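Under my numbering, the first residue of the sequence shown is numbered 96, with each subsequent residue one higher. Here the structure is laid out as structure tokens; the discussion comes afterwards.
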Amino acid sequence: PQDQPPPDPSKKTLVILGTGWGSVSLLKKLDTENYNVIVISPRNYFLFTPLLPSCTVGTIEHRSIMEPIRNFLRHKKAAVKYYEAEATKIDYANKVIYVNDDSEIKGDVSTTEVPFDMLVVGVGAENATFGISGVKEHALFLKEVRDAQKIRNRIMDCIETATFKDQSESEVQRLLHMVVVGGGPTGVEFAGELQDFFNNDLQKWIPDIKDNFHVTLVEALPNVLPMFSKQLIEYTEKTFKEETITIRTKTMVKNVTDKYIEAESIGPDGKKVLQKIPYGLLVWATGNALRPIVKDLMSQIPAQKDSRRGLAVNEYLVVKGTENVWAVGDCAVANYAPTAQVAAQEGAFLAKMFNQMAKTHDIEAELADLSVRQETAPDKETRTKAFDEIKELQKRLRRVKSVNPFEYTHQGSLAYIGSEKAVADITWFEGNIASGGTLTYIFWRSAYLSMCFSSRNRILVCMDWVKSKVFGRDCSRV
Ligand code: FAD
Ligand code: NAD
96 PQDQPPPDPS KKTLVILGTG WGSVSLLKKL DTENYNVIVI SPRNYFLFTP LLPSCTVGTI
156 EHRSIMEPIR NFLRHKKAAV KYYEAEATKI DYANKVIYVN DDSEIKGDVS TTEVPFDMLV
216 VGVGAENATF GISGVKEHAL FLKEVRDAQK IRNRIMDCIE TATFKDQSES EVQRLLHMVV
276 VGGGPTGVEF AGELQDFFNN DLQKWIPDIK DNFHVTLVEA LPNVLPMFSK QLIEYTEKTF
336 KEETITIRTK TMVKNVTDKY IEAESIGPDG KKVLQKIPYG LLVWATGNAL RPIVKDLMSQ
396 IPAQKDSRRG LAVNEYLVVK GTENVWAVGD CAVANYAPTA QVAAQEGAFL AKMFNQMAKT
456 HDIEAELADL SVRQETAPDK ETRTKAFDEI KELQKRLRRV KSVNPFEYTH QGSLAYIGSE
516 KAVADITWFE GNIASGGTLT YIFWRSAYLS MCFSSRNRIL VCMDWVKSKV FGRDCSRV
């Protein structure tokens, strides 16, 4: 077997799982020459998730918000190994990760083991379904590029099927009923984008669907966007009403079939009613669940036994009950919401810490060297010189070793709600500014544009915005 450059045995092997917000933010700031860095992820690109809802209707093309990991790694100072594979198991006791190449093309070897000295788990989360029957089989999710592509195609399939010759009125209504479950930001942003698609393009191009196309957002809690301030929740609900998106709050989906969902709500008499709601497209956005690999790792560590939502980490993001294992992002539980903002700050924190750790290591080696020199010094002058140098180095070591614990700085929450309006709860000095509307939408666009991974992404996103405005969104089904 051909194994290119052998890892430097004098350096520790740092394995990073995932190429999402947490891991890539770590890689961005990490001095890779200090470790043998290995990245393992089934996704060979970074995805700018905040703009993913726009890809479901073609406001933005998905490749505009993807950054190939290879492109990014080639700019690092020291070479980083990347394996396109899924980690299937972390064997904590033996410090080995089992990996599997799950892609279509497989070589003679498609499963192997990767040993590590240090490990960062940044595998994110999967979609929560709460074990509700039929969700996995019939609903579409919105987490990855492939999900957005599926949704885009399904929308058009429903529309083309609804306009098929001799379709009954009730079937047309079902096919054109677009149901979104989950009133968190993912569900709200998708519903807004979908209604935009209809208002701006579809109803002009396919007037037949005008009277029956309808978007419904179903939420179990009394309101949507629970993380936003009350006035922005009201503003969103009012805007949705104007856009003719129906919001059904206090409605819990209990069962899903291929043509309808069964949802429980409280009737006017205060009793629970179970209602069948027919749908053509069903998008399920009810938040996060643990990935099996994370569950399995937790089961190997007694200190994790009470953790439910992910890997419990301490203030330095060390997975509690382990040594040399850290976790970032949606798979870690550090009392913050599972957002890109949190994951990115956690990744940057770890990079800083690892850079400091490497410096510590270097200083300690230098100190050991100096002590020997001091002891074997031939004269007093050399001994004194070495002594002074040791004192200076010890001071530096103390400074380098004093890393403050991780502290998250919340910059605010932003969400697009359709018809060129957005809501924003922005942290400003000690206070909070809540705003909603078209100006906030301009702010939303510029904020996300500035946060895009690269200038290439930024230019592509801008071009997509102009393209969809000038020519309309592309409604072909591929
Ligand atoms: P991810 O970014 O999900 O990355 C996980 C990585 O791990 C991926 O590369 C994946 O391929 C890889 N992986 C998975 N399994 C394995 C395995 N077994 N082995 C190795 N690698 C594996 N947050 C905000 O703050 N603002 C927003 O506007 C916002 N908008 C969002 C819009 C949408 C549609 C979605 C779905 C989320 C949004 N979020 C937003 C949340 C944000 O995307 C997540 O909190 C963030 O992606 C978490 O980062 P992460 O690194 O933990 O995981
Ligand atoms: P979420 O957890 O924020 O919201 C899911 C919603 O689904 C909840 O309100 C819940 O009550 C509802 N729900 C659960 N089960 C249900 C059922 N059976 N029937 C009806 N409703 C049900 O999920 P999300 O929107 O996917 O967001 C996940 C994470 O990503 C969050 O931390 C969020 O802040 C972040 N995110 C942020 C942005 C943004 O900042 N613009 C955008 C997308 C996601």
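Cβ atoms here follow ideal geometry from the backbone N, Cα and C, with glycine treated the same way. Fair warning: this is a prediction, and the values are worked out from it, not measured in the lab.
query, result
"Coil, strand or helix - Gly-282 by DSSP", "helix"
"Beta-bridge partners of Gln-370, as assigned by DSSP", "Ala-358"
"Alpha carbon of Val-428 to alpha carbon of Ile-111, nearest angstrom", "18 Å"
"C-alpha distance - Ser-508 paired with Phe-167, whole-angstrom precision", "28 Å"
"Of the listed residues Val-283, Leu-544, Ile-356, nearest to His-272 (C-alpha basis)", "Ile-356"
"Local Cβ density within 10 Å of Pro-148, reported as buried at 16 or more and exposed below that", "buried"
"9 Å Cβ cutoff met for Asp-212 and Lys-231", "no"
"Any beta strand (DSSP E) of 3 or more consecutive residues that is wholly inside the stretch 478-540", "507-513, 516-523, 526-532"
"Proximity test, Thr-479 beta-carbon vs the ligand NAD heavy atom, cut-off 8 Å", "no"
"Whether Ser-514 touches Gln-290 by CB criterion (9 Å)", "yes"
"Contacting residues, own chain, Cβ-Cβ under 6 Å from Glu-128 (five flanking each side not counted)", "Lys-172, Ala-173"
"Under 9 Å between C-beta atoms of Ala-286 and Phe-335", "yes"
"Rounded straight-line distance, which links the Cα of Ile-528 to that of Val-437", "20 Å"
"Reference Thr-504; option with closest CA among Thr-434, Lys-400, Arg-386", "Thr-434"
"Heavy atom of the ligand FAD within 8 Å of Leu-122 beta-carbon", "no"
"C-alpha gap between Pro-317 and Ile-521, whole angstroms", "24 Å"
"For Arg-249, the first and last residue of its enclosing beta strand (DSSP E)", "Element bounds for Arg-249: not the beta strand (DSSP E) but the alpha helix (DSSP H), 240-257."
"Presumed contact (8 Å Cβ cut-off) between Glu-441 and Val-423, rounded CB distance", "4 Å"
"Classification of Ala-463 by the beta-carbon crowding that lies within 10 angstroms, buried from 16 upward", "exposed"
"Segments of 4+ residues assigned as alpha helix (DSSP H) that fall wholly inside the stretch 139-181", "147-150, 164-168"
"Neighbourhood of Cys-557 by C-beta distance below 8 Å, restricted to the same chain and skipping five residues each side", "Leu-544"
"Cut-off 8 Å between Cβ atoms - residues of its own chain near Glu-459, not counting five sequence neighbours on either side", "Leu-492"
"DSSP-derived helix/strand/coil call for Lys-106", "coil"
"Distance between beta carbons of Lys-124 and Ala-446, contact taken as under 8 Å", "4 Å"
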